[in-house]
Amino acid sequence: MAAVRILTGSVYGGALLTARRIKQELESRDHTVTVLEHPTLDDITGNDDALLVCTSTTGQGEVPDNLLPFYADLREQLPQQPGRPFGIVVLGDSSYGDTFCGAGDLLEETLYETGARKVGDTLRIDALETMEPEAEAVPWALEWINGI
Ligand SMILES: Cc1cc2nc3c(=O)[nH]c(=O)nc-3n(C[C@H](O)[C@H](O)[C@H](O)COP(=O)(O)O)c2cc1C
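The working numbering applies: residue -1 is where the sequence shown begins, and numbers increase by one.
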């Protein structure tokens, strides 16, 4: 069974709710899941749990405020995480054009710089297409966890 830390970034609660639903479903399959609403680097450096980013996108392709300190510290300090599995679930809205789901790309790029290993393709959830992000995210997470 796997241990997973979910790094959430959310403005209106959609990504947080999605992370909580993922936790529920993974825990019912005997995985251990921690949802981090205000993650810090210490939350990831003291363990080797798989990392799942579950964030929305704000501003113009930016990371939500609650995830921003983590993102900034990660980018500045780049604590090396060779081979550590990670995945990305990102909520956005395709009407934003070029910045669609940009927060996921920022986190992905920085995690790659730490040497972490991406598992699965980024799941991009478009608010124009669905009102229930968890309905896409849960099946994706159940497949993702088999690859970590
Ligand atoms: C002020 C504002 C800016 C946004 N900027 C972007 C953006 O640049 N790119 C994008 O894909 N979605 C953008 N979105 C859409 C949100 O990411 C999307 O609605 C998401 O589902 C919100 O999730 P949350 O409830 O977790 O905050 C923006 C939404 C708002 C209200």
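Yeah, the Cβ is synthetic: ideal placement off N, Cα and C, and Gly gets one too.
As the crow flies, the alpha-carbon of Thr112 is around 15 Å from that of Asp103. Along the stretch 66 to 107, the beta strand (DSSP E) occurs as fully enclosed runs of 3 or more residues at 83 to 90, listed in sequence order. Nearest to Ile86 by C-alpha distance, out of Thr30, Glu25 and Ser54, is Ser54. The stretch 9 to 68 contains, as complete alpha helix (DSSP H) runs of 4+ residues, the segments 12 to 25 and 40 to 43 (chain order). For Leu34 against Asp71, the beta-carbon gap comes to about 13 Å, at or over 8 Å, which does not count as contact. Residue state for Ile146 is assigned as coil, using DSSP reduced to three classes.
For Gly7, the enclosing beta strand (DSSP E) stretches over residues Ala1 to Gly7.
DSSP places Leu121 inside the beta strand (DSSP E), whose first and last residues are Leu121 to Asp124.
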